[in-house]
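Just so you know, the protein sequences line up as chains A and B, in that order.
Residue numbering for the first sequence follows UniProt numbering, starting at 1 and increasing by one per position.
Residue numbering for the second sequence follows UniProt numbering, starting at 1 and increasing by one per position.
Reviewing the structure listed below.
There are 2 protein chains.
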Amino acid sequence: MSWFRPLAASAGRCAGSLGGQCLAPSRALRASAARPHSQVAEDIVKLLQAKQETHEVKKNFVLKTPKGTRDYGPKQMAIRENVLSTIISCFKRHGAEAIDTPVFELKDTLTGKYGEDSKLIYDLKDQGGELLSLRYDLTVPFARYLAMNKITNIKRYHIAKVYRRDNPAMTRGRYREFYQCDFDIAGQFDPMIPDAECLKIVHEVLSGLKLRNFLIKVNDRRILNGVFAVCGVPDSLFHSTCSTVDKLNKVTWEEVKSEMVGEKGLSPEAVERIGEYIRLHDGLGLIEQLLQDPKLSQNKLAREGLEDMKLLFEYLTLFGIADKISFDLSLARGLDYYTGAIYEAVLLQPQNTPGEEPVSVGSVAGGGRYDGLVGMFDNKGRKVPCVGVSIGVERLFSIMEQEVEYSERIRTTETQVLVATPQKNFLDVRLKLISDLWDSGIKAEMLYKKNPKLLSQLQYCEDTGIPLVAIIGEQELKDGVVKLRVVATREEVDVRRENLTEEIKRRTCQP
Amino acid sequence: MSWFRPLAASAGRCAGSLGGQCLAPSRALRASAARPHSQVAEDIVKLLQAKQETHEVKKNFVLKTPKGTRDYGPKQMAIRENVLSTIISCFKRHGAEAIDTPVFELKDTLTGKYGEDSKLIYDLKDQGGELLSLRYDLTVPFARYLAMNKITNIKRYHIAKVYRRDNPAMTRGRYREFYQCDFDIAGQFDPMIPDAECLKIVHEVLSGLKLRNFLIKVNDRRILNGVFAVCGVPDSLFHSTCSTVDKLNKVTWEEVKSEMVGEKGLSPEAVERIGEYIRLHDGLGLIEQLLQDPKLSQNKLAREGLEDMKLLFEYLTLFGIADKISFDLSLARGLDYYTGAIYEAVLLQPQNTPGEEPVSVGSVAGGGRYDGLVGMFDNKGRKVPCVGVSIGVERLFSIMEQEVEYSERIRTTETQVLVATPQKNFLDVRLKLISDLWDSGIKAEMLYKKNPKLLSQLQYCEDTGIPLVAIIGEQELKDGVVKLRVVATREEVDVRRENLTEEIKRRTCQP
């Protein structure tokens, strides 16, 4: 991957957890007559601290980020940018436009959209004015955006953070503040063509990230509802039965069964019958089998769902990805608003005994069709059919961060060249040279010292992975050249000043 | 600019305010045996609406974004991405690493850092657990990050939204949710080298965006404090006098004067003396003049500040940007935490009568040195000197959005080719072809209809600016070719299937 760049031999003296940005290995002593910002600084610290004490009772407050959140340091940012740029490229390849919405919405906009999960929404304090809540996902703001602007056709992506007051499990990438990368297609189209494209996108993203083995489970809410109907579940319990089935990837069937009977009040016979259906998973064959199922094929919704599922597999086969797709009757998805196809991608345990079924290690993408949501925001209930997918990148970040721990170092800057000098009193020459380089688009750094040692300057390159050094001393200045040094090989070559930019570009392959 | 791409002749039938993403000009009729997602959808809408009514008293809630915020549609996003990518390129050119922090911080982290402005902070509701507030800027979270991770040297950028419960003026780019693009250098270095780099960055960004004439004002808190001291302002009123001076870009000197005397309690004589100093603005000459000033040159802090300012101008001259810099004693900056150099970039009115002084139309960047802030988070008060700059991009977005209104259309997607067919029942062929194109990295779209008319397909390209059409019909299929049509010229050429990817890349100059 392009963001792993092996560095030169040196192990790097100060390559801490931040990827080794250490600008001055030995602290620079302030120059002669000293210009102490320090006096003002101290006054200000005292003043501000006094202010703080007025406001605060407890003086020793904890230095931390809020529960369930984290900072991204330079190393994490390098990983994040790599993952996001793969995803954005894919979304753009499929012709999507970008939109963005505010981090908070009117509380009313979110109310009544998430079912049981609404209790996890972060509200803002009432400080006068409107009541606001932090967004819980990007789907409801998207639906609000469509209704507000009366848009009936759009293919858009939206990459942003969402907020849930959930129990965090940060090592597994479960945070209270986390990114979602959503791609959605809104509009009235021929069946299953946009739905198939969403699955193609999941496949492209996960393949593009060179992740471990993955599987995309698909199902359809209409088939599930059909199953519930023919098993004798009353209509009014469809949603809540769906929520219970959704727990199957976390708890055992026995537990799900007891919740269905105990809490939801279904008859044990109905639950047994549901159990027989939802343990089924396979490809096209299963669809054909269920279309022949004497009970299920009598249910209108289920039959429609099965016909569409058949069409979906036809398209997925044309896309060449059907082998990664499993039609799985146990897939239910938590949220209420789905109306048709639903899907979820899971990563599989890498090492499997041959013959055994692969074990899922967690969901990394999910989505489906929600044809009713936009209509909830329209005062005449006008509907805009939508289908979309959300990539859960935090888990992907976690996995890649773990992989990186055991692999090569990551560069956290893109600097092509360090401007250095072996001579004293050459600060003005360095400033002039680096300014020229910046103006020609070269990524360049220098040490912020008047008279740095050449060794410190070379060491800085080793530590941070800068591949080239542009060395300028008296001789070079006189000759109108710069000595270009390749850090990895220690090769040095004189380059005429007017050819320097081109030579750096050539050697770093960065235009 | 690369993101303005002139489109083909057609004016575009449905180029609405969103930039004309109109996937199906005439709504597609559902295919024969109809697969109504609609029944489930309707049930769900009813169910969810019933839920909402339970929660809500007022049924006709307003469909809007919160006060002072806005959505970015595809057109705004295209502008935003262009501005941000110019800024990110510049930050990377200067060797900065990226970091990110959560959107909210512990309330304690923000308390006591912003002086009078603290009342504008958004607090979250107390829902149990920690008390949280939305970040007010990126500087305090950066200082918290440095102290928490004991980082003493870093050059980082951070681009993210911040939140202020201020009075919005959205047409002028003043929002309650807005982007800041911050570049900061933390560490103990030789004087004014990092400070000069921050100013170089402002210059590069504003030049890079090809903005109207701009000017960067600089001053130093130590010089200002020296001025206050020699004019007879008591030490305890330095900060509050600073806040008042800062209002000079919004109100007249008469108003500032009356606030100083009336509210702050300064003597009219002191205020007159301050007035004489702070109306001064010029370059190096003024620095020399003030160094000779009999009163000011006796003040230790002012002298240090003036010496550093002289050094700064020396470096700015080497960078070739001194002509855009004005040493301006009236520049004060609002926030308390600055300790040394401060600066602010303003855009100037384009049309000026020759000889007249140019009029500022608003600040677009600002920053300075804050050597005391990190120490406030360290339990031993250990200081990390910092200097940085923040680019105020919302105003830049506003300006560019207005310019775009009167100029060419912007493309909101990067799609290179539309896969089309003149024949019925060619959906499977189109799906296979588009899948191959996606897999070779081509940005491709198709209409989500089983049997679209060729004219609709060509019209879609005109409307959205897609430059090429890959047309496949029976003859092409038999011959193993695809007809590649150039939308702008209507030129058509048969391309062998195996050469198609390469030919599209060549013609769109996108590798």
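Just so it is clear, CB atoms sit at the ideal spot from N, CA and C, and this is done for glycine as well.
Note that the coordinates shown come from a computational prediction; the quantities given were computed from them, not determined experimentally.
Please list the segments of the alpha helix (DSSP H) lying wholly inside the segment 279 to 314 of chain B, counting only runs of 4 or more residues, in order along the chain. The alpha helix (DSSP H) runs lying completely inside the segment 279 to 314 of chain B and spanning 4 residues or more are 284 to 291, given in chain order.
Keeping to the same chain, check which residues put their C-beta closer than 6 Å to that of residue 125/A; ignore five residues upstream and five downstream. As a working note, residue 125/A is residue 125 in the first sequence. Once the five neighbours on either side are set aside, residue 125/A has no close Cβ partner at all.
Applying the 10 Å Cβ sphere with the 16-neighbour rule, what's the burial state of residue 499/B? Sequence index remark: in the second sequence, residue 499/B carries index 499 (1-based). The residue in question, residue 499/B, is exposed, as its Cβ has fewer than 16 Cβ neighbours within 10 Å.
Among all the DSSP beta bridges, which residues are the ones paired with residue 387/A? To locate residue 387/A, count along the first sequence from 1; it is residue 387. Residue pairing from DSSP places residue 387/A in a beta bridge opposite 185/A and 369/A.
What residue range does the alpha helix (DSSP H) around residue 594/B cover? There is simply no residue 594/B to check, as chain B begins at 1 and stops at 511 in what is shown.
To be precise: take each residue of the segment 422 to 434 of chain A, compare its Cβ to all Cβ atoms of chain B, and keep it if any distance is under 8 Å. Which residues remain? Residues passing the 8 Å Cβ filter: 427, 428, 431 and 432.
Suppose the cutoff is 7 Å on Cβ atoms and the five residues either side in sequence are ignored; what does the same chain contact list for residue 477/B look like? Your numbering for residue 477/B matches position 477 in the second sequence. Setting aside the 5 residues that flank it on each side, residue 477/B is surrounded in the same chain by 429, each with a C-beta closer than 7 Å to its C-beta; the list follows chain order.
Residue range of the alpha helix (DSSP H) that includes residue 205/B: Counted from its first residue, the second sequence places residue 205/B at position 205. Run containing residue 205/B: 193 to 208, per the alpha helix (DSSP H) assignment.
State the start and end residues of the unbroken alpha helix (DSSP H) segment that holds residue 259/B. By 1-based counting over the second sequence, the position of residue 259/B is 259. In the DSSP annotation of this structure, residue 259/B is not part of any alpha helix (DSSP H), being labelled neither H nor E.
By Cβ distance, which residues of its chain are closer than 7 Å to residue 18/B, with the 5 residues on each side in sequence left out? Within the second sequence, numbered from 1, the residue matching residue 18/B stands at position 18. In this prediction, residue 18/B scores a pLDDT of 33, lower than 50, which makes its location untrustworthy; no coordinate-derived value is stated.
Just to confirm my understanding: we take residue 123/B, look at its own chain, exclude 5 residues before and 5 after, and list those with CB closer than 7 Å. What are they? Along the second sequence, read from residue 1 onward, the residue named residue 123/B stands at position 123. 107 and 133.
Per the contact definition of three or more C-beta pairs closer than 8 Å, is the segment 441 to 454 of chain B in contact with the segment 100 to 117 of chain A? Touching, no, given that fewer than three Cβ pairs across the two stretches are closer than 8 Å.
Going by beta-carbon coordinates alone, are residue 223/B and residue 186/B separated by less than 7 Å? Counting from 1 along the second sequence, the entry for residue 223/B is found at position 223. Counting from 1 along the second sequence, the entry for residue 186/B is found at position 186. No, they are not a contact pair.
Among residues of its own chain, excluding the 5 on either side of residue 324/B, which ones have a beta-carbon nearer than 8 Å to its beta-carbon? As a working mapping, residue 324/B is identified with position 324 in the second sequence. If we look at residue 324/B and ignore the five residues flanking it on each side, its Cβ neighbours are 203, 214, 215 and 216.
What in chain B is Cβ-close to residue 279/A, meaning under 8 Å? To locate residue 279/A, count along the first sequence from 1; it is residue 279. The premise fails here: residue 279/A is roughly 24 Å from chain B at the closest Cβ pair, so nothing lies under 8 Å.
Closer than 7 Å, CB to CB, is residue 318/A near chain B or not? Here residue 318/A refers to the residue found at position 318 of the first sequence. Residue 318/A counts as touching chain B.
Inter-residue Cα distance where the pair is residue 388/B and residue 370/B: On the second sequence, position 388 is the one that residue 388/B refers to. On the second sequence, position 370 is the one that residue 370/B refers to. Roughly 8 Å separates the two Cα atoms.
Starting from residue 420/B, trace the beta strand (DSSP E) in both directions and tell me its first and last residue. Your numbering for residue 420/B matches position 420 in the second sequence. Where residue 420/B is concerned, the enclosing beta strand (DSSP E) starts and stops at 417 to 420.
Using the three-state DSSP reduction, which class does residue 269/A fall into: helix, strand or coil? As a first step, residue 269/A must be located in the first sequence, where it is residue number 269. DSSP places residue 269/A in the helix class (H, G or I) of the three-state scheme.
Would you say residue 377/B reaches chain A, if we count a Cβ-Cβ gap shorter than 7 Å as a contact? Stepping through the second sequence from its first residue, residue 377/B is reached at position 377. Yes - at least one Cβ of chain A is within 7 Å of the one on residue 377/B.
Residues of chain A with CB under 7 Å from residue 498/B, in chain order? Within the second sequence, the letter at position 498 stands for residue 498/B. Neighbours of residue 498/B across chain A, judged by C-beta separation under 7 Å, do not exist; the nearest C-beta is about 17 Å away.
Does the pairing of the segment 218 to 236 of chain B with the segment 472 to 490 of chain A give three or more beta-carbon distances under 8 Å? With the cut-off at 8 Å, the segment 218 to 236 of chain B and the segment 472 to 490 of chain A do not touch.
Got a sec: which bits of the segment 94 to 114 of chain A sit with their beta carbon under 9 Å from any beta carbon on chain B, in order along the chain? Correct list: 94, 95, 96, 97, 98, 99, 100, 101, 102, 103, 104, 105, 106, 108, 109, 111, 112 and 113.
Select from 65/A, 87/A and 61/A the residue whose C-alpha is nearest the C-alpha of residue 394/A. By 1-based counting over the first sequence, the position of residue 394/A is 394. The shortest C-alpha separation from residue 394/A is found at 87/A.
One question on the structure: do residue 372/B and residue 342/B come within less than 7 Å of each other, judged by their Cβ atoms? What you label residue 372/B is simply residue 372 of the second sequence in a count that begins at 1. What you label residue 342/B is simply residue 342 of the second sequence in a count that begins at 1. Result no, Cβ atoms of residue 372/B and residue 342/B do not sit closer than 7 Å.
Distance between beta carbons of residue 201/A and residue 315/A, contact taken as under 8 Å: Here residue 315/A is taken as the residue at index 315 of the first sequence, counted from 1. Here residue 201/A is taken as the residue at index 201 of the first sequence, counted from 1. Between residue 315/A and residue 201/A, the beta carbon gap of about 13 Å keeps them out of contact (Cβ cut-off 8 Å).
Answer yes or no: do residue 147/A and residue 77/B have a C-beta to C-beta separation smaller than 7 Å? As a working note, residue 147/A is residue 147 in the first sequence. As a working note, residue 77/B is residue 77 in the second sequence. Using a Cβ distance threshold of 7 Å, residue 147/A and residue 77/B do not count as a contacting pair.
Residue 349/A by DSSP, collapsed to three states: which one? Start at 1 with the first residue of the first sequence, and residue 349/A comes out as number 349. In the structure shown, residue 349/A sits in coil (DSSP, three-state: anything other than H, G, I, E or B).
Chain B contact for residue 306/A (CB, 7 Å cutoff): Along the first sequence, read from residue 1 onward, the residue named residue 306/A stands at position 306. Residue-level contact check: residue 306/A does not touch chain B, since none of the beta carbons of chain B fall below 7 Å from its beta carbon.
Using C-beta distances below 7 Å, list every residue in its chain close to residue 332/B, excluding the 5 sequence neighbours before and after it, in chain order. Taking the second sequence and counting its residues from 1, the one referred to as residue 332/B is at position 332. Closer than 7 Å at Cβ, skipping near neighbours: 224, 242, 245 and 246.
What do you reckon, are the CB atoms on residue 335/B and residue 278/B nearer than 7 Å? Counting from 1 along the second sequence, the entry for residue 335/B is found at position 335. Counting from 1 along the second sequence, the entry for residue 278/B is found at position 278. Residue 335/B is not a Cβ neighbour of residue 278/B, given a cutoff of 7 Å.
What is the C-beta distance between residue 458/B and residue 484/B, in whole angstroms, given that I count them as a contact (C-beta under 8 Å)? For the purposes of this step, residue 458/B is identified with residue 458 of the second sequence, where counting begins at 1. For the purposes of this step, residue 484/B is identified with residue 484 of the second sequence, where counting begins at 1. So it is not a contact: roughly 13 Å between Cβ atoms.
In the DSSP output, which residue or residues are listed as bridge partners for residue 158/A? Along the first sequence, read from residue 1 onward, the residue named residue 158/A stands at position 158. According to DSSP, residue 158/A bridges with 182/A.
Within 7 Å of any Cβ in chain A, is that where the Cβ of residue 282/B sits? Here the question's residue 282/B lines up with position 282 in the second sequence. Put simply, the CB of residue 282/B is far from chain A, with every gap to its CB atoms at 7 Å or more.
Smallest Cα separation from residue 184/B: which of 168/B, 145/B and 64/B? Within the second sequence, numbered from 1, the residue matching residue 184/B stands at position 184. It is 145/B.
Helix, strand or coil at residue 472/B according to DSSP, with G and I counted as helix: Here residue 472/B refers to the residue found at position 472 when the second sequence is read from its first residue. Reduced to three states, the DSSP call for residue 472/B is coil.
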